[in-house]
Every structure is written in C-alpha cells, then in structure tokens.
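**Q** My questions all concern the structure below.
Residue numbers (the numbering used here): 18 to 259.
What follows is the structure, encoded as structure tokens:
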C-alpha cells in the first residue's frame, strides 16, 4: 500500500548518501487541520547526529518517535450557539423533556462563591433569587457567573452563561429575547414567572455589559484628556524657557 506521506527530498532514490545515522523528531503544527480529515497530518524533520560513529548499513535510515495529533477546537460564535440552542430545545416538544434538560444544565453550572451573593449582584424582578457577576477582561471579553436558589432558573442561567461567557460585548448585546423563545419550556404565557426569569437574567447581562463598555470607554477618554493636558503644560513650560 502506498504511503500517504509526501515524498521526502532525501528518499532512498536520492544520490545523497548519509555517513551518519539520522534521528527523526516529531514536528507539531497544531494550528493546521486539513479540511478533509479534521486532523493534523504527520510531519517529520530529520536531524543529523554528529556524535554517532556507527557505520551505516543502508542508504537511508530513520528512527521515528510516536506522533501525537493536536486537533484545533474552533469556538462557535454567539449566533451559532443561538442556533444550536434553538435547535436543541425545538427537538424537545414535550415540556417535561425541556424541564429535564434544564435540570441537567443546572447541574453543570460552575460553583458560585458565597461572597458574591450580594445585593449589588442580585437580579431583581424574578420569582427566584438570582445572583449575577459580570466582568470584562483586559481583551474586552465578557465573563459571566450566575447562581440561583431555583434549579430551573439555574438551568436557564447555565444556558445563558454557555451562550455569552467568553464573547465580546458586541455579541452579548446583539442577542434578542426572541432568538431564545424555544427556551420557554413549552409555557405559552409570556407573563409566566419562569419565562420572565431568564428574560430578566439576559437583560441584566446585557445592561451590565453596556455599563462596563461605557465605563471603560470613559476611562480611555479621561486618559486621553489627561495626556493632552500634560502635553499642553509641557509645551507651555518650553515656551516660557525660550
């Protein structure tokens, strides 16, 4: 069976002769995955061993190490996650099945630090108690942590955290309530407390995200103003010294 590896320029048919054995060392390129296979191709580079004095018995000799594959995980966008979530709940027409799925996701929600159960982190307007922590990291990426005393609400919140945690602010603000209508666990009433709960959590996520964006933009604006003032002062000092 013919090898799928590309032909080496130093193949046995080459006129080049090694006078020392060669060791084969794995080269890793985790950022490349062929579209057809979904995996990295094996790749080698050969290193001449100047310390060996063992005579060679054939024209080309390799000793190879095991190759580890490094598949690249592509993180879906928020819009893609919305579609996945919509499809998942739409495939569960029975309300009881949706509730079971929410309870499953509630169990996957990361632990919430007791010190974060503060009045400032409360999400008001919900029948259940809900706490929400929102942060923006140095790269402008949003981070969310949620907890509730209701398992159903924790399930809703777990879906929202999966959807928005790690996204940029623009993506967080782009999500609409109508995009997630399938999460209503089959309850037709728009005034239902369960529906209002995840609505309120999403709105709170977006409102606090907007506040952090404006706060960071304000700090940048103040820094620019302070820098401009400093430049003006330095220029005035130089003029007075002339």
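Even glycine gets a Cβ: it sits at the ideal position worked out from N, Cα and C. What you are looking at is a predicted structure, and each value in this text was computed from that prediction instead of being measured.
1) Taking the alpha carbon of residue 181 as the reference point, which residue from 133, 111, 217, 222 has its own alpha carbon closest?
2) Quick check: the Cα distance between residue 126 and residue 164, rounded to an integer number of angstroms?
3) How far does the beta strand (DSSP E) with residue 152 in it reach, from first residue to last?
4) May I ask you to report which of helix, strand or coil DSSP gives residue 130?
5) According to DSSP, residue 164 sits in a beta bridge with which residue or residues?
6) Who are residue 159's beta bridge partners in DSSP?
7) What alpha helix (DSSP H) runs, 4 residues minimum, are completely inside the stretch 92-122?
8) Beta-carbon within less than 8 Å of residue 189's beta-carbon, same chain only, minus the 5 sequence neighbours each way: which residues are those?
9) Determine, using beta carbons only, whether residue 136 comes closer than 8 Å to chain D.
10) From which residue to which residue does the alpha helix (DSSP H) around residue 198 run?
11) Within 10 angstroms of the Cβ of residue 124, are there 16 or more other Cβ atoms? Answer buried if so, exposed if not.
**A** The relevant details are as follows:
1) 222
2) 8 Å
3) 147-153
4) coil
5) 148
6) 153
7) 95-107
8) 95, 159, 181, 222, 223, 226
9) Protein chains in the displayed structure number just one, and chain D is not present.
10) Here residue 198 belongs to no alpha helix (DSSP H), and DSSP marks it neither H nor E.
11) exposed
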